[in-house]
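S.K.: Sharing a structure below in structure tokens format, with a few things to ask.
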Amino acid sequence: MSTTDPIRTVAVLGAGTMGHGIAQVSAMAGMDVRLFDADSERVEAGLSRIRANLEKGVERGKVEGDVRDGALERLRGAGTLEEACGEADLVIEAVPERMEVKREVFGSVDRVAPEHAILATNTSSLSVSRIGEATGRPERVLGLHFFNPVHIMALLEVVRGERTSTDALDAALDYAARIGKEPIVVTDTPGFASSRLGVVLGLEAMRMVEEGVASPVDIDRAMELGYRHPMGPLRLTDLVGLDVRLGIAEYLHRELGGDQYSPPRILHDMVAEGRLGKKAGRGFYDWDE
Numbered sequence: 044m045s046t047t048d049p050i051r052t053v054a055v056l057g058a059g060t061m062g063h064g065i066a067q068v069s070a071m072a073g074m075d076v077r078l079f080d081a082d083s084e085r086v087e088a089g090l091s092r093i094r095a096n097l098e099k100g101v102e103r104g105k106v107e108g109d110v111r112d113g114a115l116e117r118l119r120g121a122g123t124l125e126e127a128c129g130e131a132d133l134v135i136e137a138v139p140e141r142m143e144v145k146r147e148v149f150g151s152v153d154r155v156a157p158e159h160a161i162l163a164t165n166t167s168s169l170s171v172s173r174i175g176e177a178t179g180r181p182e183r184v185l186g187l188h189f190f191n192p193v194h195i196m197a198l199l200e201v202v203r204g205e206r207t208s209t210d211a212l213d214a215a216l217d218y219a220a221r222i223g224k225e226p227i228v229v230t231d232t233p234g235f236a237s238s239r240l241g242v243v244l245g246l247e248a249m250r251m252v253e254e255g256v257a258s259p260v261d262i263d264r265a266m267e268l269g270y271r272h273p274m275g276p277l278r279l280t281d282l283v284g285l286d287v288r289l290g291i292a293e294y295l296h297r298e299l300g301g302d303q304y305s306p307p308r309i310l311h312d313m314v315a316e317g318r319l320g321k322k323a324g325r326g327f328y329d330w331d332e
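One gets our numbering by counting positions in the sequence shown from 1 and adding 43 to each.
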């Protein structure tokens with residue numbers, strides 16, 4: 044695929060929070076989408092969430108009825124990896140944030156996806172180049188780091204690996220424009236741009252809670268009202284998942300060093316207690332209220 048050949052078919056691997064959102068925006072932009080997950084029940088749950096998101100958008104006047112209908116027509120679940128990727132121009136992986144898992148997935152995808160297909164990872168911090176080494180086409184591998192909720196957040200961080208080709212990068216930027224995202228291009232370094240900055244702010248906010256500086260609500264309000272952040276770092280941590288934030292922080296601390304990336308005790312304790320944020324009903328906020 045060259046930059047003159049638009050992406051028509053997208054395979055999304057992983058139907059969780061990020062995966063179903065990526066599938067939704069791709070289908071809304073006119074692409075055929077195949078959503079796959081090793082757990083078939085998660086595929087059905089992801090498709091249901093997409094339908095609910097689109098219905099809500101129509102009710103609020105933010106999505107036209109024909110856009111909803113067209114997206115749902117172009118979107119379907121896939122029962123196997125081969126069915127998902129066999130005709131894909133772009134494969135986007137959104138599986139758990141563990142290097143060994145992602146490399147295994149990319150190795151499998153490399154065997155079933157067309158030669159021209161671009162293979163993208165939604166990793167927020169792991170090395171895109173190392174993931175690409177699990178394939179026979181590292182020049183077609185790059186990062187597409189989406190932000191949650193995918194259908195609302197404007198930023199798309201496009202990560203160029205050590206061997207990513209200019210053609211693949213250009214095609215990814217074209218895809219970003221078609222789905223209505225504002226892309227930034229970053230090199231393949233631990234944490235890229237967004238996670239390095241976001242994790243430092245989030246961890247410092249946690250230390251402030253730990254030290255009794257202020258309540259989570261007031262710490263968040265300081266950033267929302269004083270710095271015009273649309274959401275405070277602790278509420279954002281709840282949405283991302285405390286377990287996810289802990290994994291990213293530990294990885295950055297190993298790779299980059301520095302006390303700023305060392306996870307505070309409060310984060311370890313909350314994860315151990317199962318207070319993982321919105322998905323668990325409790326984190327720095329009570330989401331069941």
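All residues carry an ideal CB built from backbone N, CA and C; glycine is no exception. Model, not experiment: these values are computed from the prediction.
#1: Quick one: grab the DSSP three-state call for A137.
#2: Suppose you measure from the CA of V252 to the CA of L246; what does that come to, to the nearest Å?
#3: Nearest by alpha-carbon distance to F79: which of D261, G275, A137 and R94 is it?
#4: Tell me which residue opens and which closes the beta strand (DSSP E) that P226 is part of.
#5: Spatial neighbours of E130 within its chain, please: C-beta separation below 6 Å, excluding the five flanking residues on both sides.
#6: Counting C-beta neighbours from all protein chains within 10 Å, is the total for D231 16 or more, i.e. buried, or is it exposed?
#7: If you reduce the DSSP assignment to three classes, tell me which class A163 lands in.
#8: Taking the alpha-carbon positions, what's the D153 to A257 distance?
#9: Residue range of the beta strand (DSSP E) that G89 falls in?
#10: Give me the Cβ distance between A236 and V229, rounded to the nearest whole Å; I'm assuming they're in contact under 8 Å.
#11: Just the C-alpha distance for A54 and R111, rounded to the nearest angstrom, thanks.
#12: Does the Cβ of G62 have 16 or more other Cβ atoms within 10 Å, making it buried, or fewer, making it exposed?
#13: Let me know the secondary structure DSSP gives E254 once reduced to three states.
#14: Just to check my reading of the structure: G334 and S172 have Cβ atoms closer than 8 Å, yes? What is that Cβ distance to the nearest angstrom?
#15: Helix, strand or coil, according to DSSP, for T52 in the structure here?
#16: Taking the continuous beta strand (DSSP E) assigned at V76, which residues delimit it?
#17: For Q67, which of Y270, I309 and R92 has the nearest alpha-carbon?
#18: Taking contact to mean 3 or more Cβ pairs, one atom from each stretch, closer than 8 Å, check whether the region 160-175 and the region 92-103 are in contact.
#19: Which residues mark the beginning and the end of the beta strand (DSSP E) in which V184 is found?
#20: Using the beta-carbon count (16 or more within 10 Å), is L268 buried or exposed?
#21: To which residues of the same chain is Y218 closer than 7 Å at the C-beta, ignoring the five residues directly before and after it?
#22: Please determine, among L212, P233 and H188, the residue with the shortest C-alpha to C-alpha distance to A297.
#23: Across which residues does DSSP place D329 in a beta bridge pair?
#24: Under the DSSP definition of a beta bridge, which residues are partnered with V201?
#25: Whose C-beta lies closer than 7 Å to the C-beta of E293 among residues of the same chain, with five residues either side of it excluded?
#26: For P139 and I291, I'd like the C-alpha separation in whole angstroms.
#27: For M274, count neighbouring Cβ atoms within 10 angstroms of its own Cβ and tell me buried if that reaches 16, exposed if not.
#28: Comparing alpha-carbon positions, which option in T60, D48, D82 and G113 lies nearest A70?
#29: So is I65 buried or exposed if we call it buried at 16+ other beta carbons inside 10 Å?
M.R.: Looking at the coordinates:
#1: Position 94 of the sequence shown, counting from 1, holds the residue named residue 137. Coil.
#2: The sequence position of residue 252 within the sequence shown is 209, counting from 1. The sequence position of residue 246 within the sequence shown is 203, counting from 1. Between V252 and L246, the C-alpha separation is close to 10 Å.
#3: Translated into positions along the sequence shown, residue 79 becomes position 36. F79 has its Cα closest to that of A137, out of D261, G275, A137 and R94.
#4: On the sequence shown, position 183 is the one that residue 226 refers to. Taken as a continuous stretch (DSSP letters only), the beta strand (DSSP E) holding P226 covers E225 to T230.
#5: One-based indexing of the sequence shown puts residue 130 at position 87. For E130, where only same-chain residues beyond five positions count, the Cβ hits under 6 Å are T52.
#6: Position 188 of the sequence shown, counting from 1, holds the residue named residue 231. Answer is buried; the Cβ neighbour count reaches 16.
#7: By 1-based counting over the sequence shown, the position of residue 163 is 120. Reduced to three states, the DSSP call for A163 is strand.
#8: Along the sequence shown, one-based indexing puts residue 153 at 110. Along the sequence shown, one-based indexing puts residue 257 at 214. Per the coordinates, the alpha-carbon of D153 lies some 49 Å from the alpha-carbon of A257.
#9: As a working mapping, residue 89 is identified with position 46 in the sequence shown. That residue, G89, is in no beta strand (DSSP E); its alpha helix (DSSP H) goes S83 to E102.
#10: Taking the sequence shown and counting its residues from 1, the one referred to as residue 236 is at position 193. Taking the sequence shown and counting its residues from 1, the one referred to as residue 229 is at position 186. Contact holds; Cβ gap of about 5 Å.
#11: Translated into positions along the sequence shown, residue 54 becomes position 11. Translated into positions along the sequence shown, residue 111 becomes position 68. C-alpha separation (whole angstroms): 19 Å.
#12: Position 19 of the sequence shown holds residue 62. G62 comes out buried.
#13: Here residue 254 corresponds to residue number 211 of the sequence shown, with the count starting at 1. Coil at E254, not helix or strand.
#14: The structure shown does not extend to residue 334, since the chain spans only 44 to 332, so no value can be given for it.
#15: As a position in the sequence shown, residue 52 is number 9, starting the count at 1. In this structure, T52 counts as strand in the three-state DSSP scheme.
#16: In the sequence shown, the residue the question calls residue 76 occupies position 33. It spans D75 to F79 - the beta strand (DSSP E) in which V76 sits, taken as one unbroken run.
#17: In the sequence shown, residue 67 corresponds to position 24, counting from 1. Here the closest residue by C-alpha is R92.
#18: Because the criterion of three Cβ pairs below 8 Å is not met, the region 160-175 and the region 92-103 do not touch.
#19: The residue given as residue 184 occupies position 141 in the sequence shown. Following the DSSP letters along the chain, one finds V184 inside the beta strand (DSSP E) bounded by residues V184 to H188.
#20: Here residue 268 is taken as the residue at index 225 of the sequence shown, counted from 1. Only exposed fits L268, as fewer than 16 other CB atoms lie within 10 angstroms of its CB.
#21: Counting from one through the sequence shown, the residue named residue 218 turns up at place 175. Once the five neighbours on either side are set aside, the close Cβ partners of Y218 are I50 and L133.
#22: Taking the sequence shown and counting its residues from 1, the one referred to as residue 297 is at position 254. Looking at the sequence provided, one finds Arg at residue 297 rather than Ala. The shortest C-alpha separation from R297 is found at P233.
#23: In the sequence shown, residue 329 corresponds to position 286, counting from 1. In DSSP, D329 forms a bridge with R325.
#24: For the purposes of this step, residue 201 is taken as residue 158 along the sequence shown, with counting starting at 1. Listed as beta-bridge partners of V201 by DSSP are L187 and V228.
#25: Residue 293 sits at position 250 when you count from the first residue of the sequence shown. If you ignore the 5 residues before and after E293, its C-beta comes within less than 7 Å of the C-beta of P306, all in its own chain and listed in chain order.
#26: Locating residue 139 in the sequence shown gives position 96, counting from the first residue. Locating residue 291 in the sequence shown gives position 248, counting from the first residue. In a straight line, the C-alpha of P139 is about 12 Å away from that of I291.
#27: Stepping through the sequence shown from its first residue, residue 274 is reached at position 231. If you draw a 10 Å sphere on the C-beta of M274, you find fewer than 16 other C-beta atoms in it, and that means exposed.
#28: Along the sequence shown, read from residue 1 onward, the residue named residue 70 stands at position 27. Closest option to A70, Cα to Cα, is G113.
#29: Numbered from 1 along the sequence shown, position 22 holds the residue referred to as residue 65. With at least 16 other beta carbons inside 10 angstroms of its own, I65 counts as buried.
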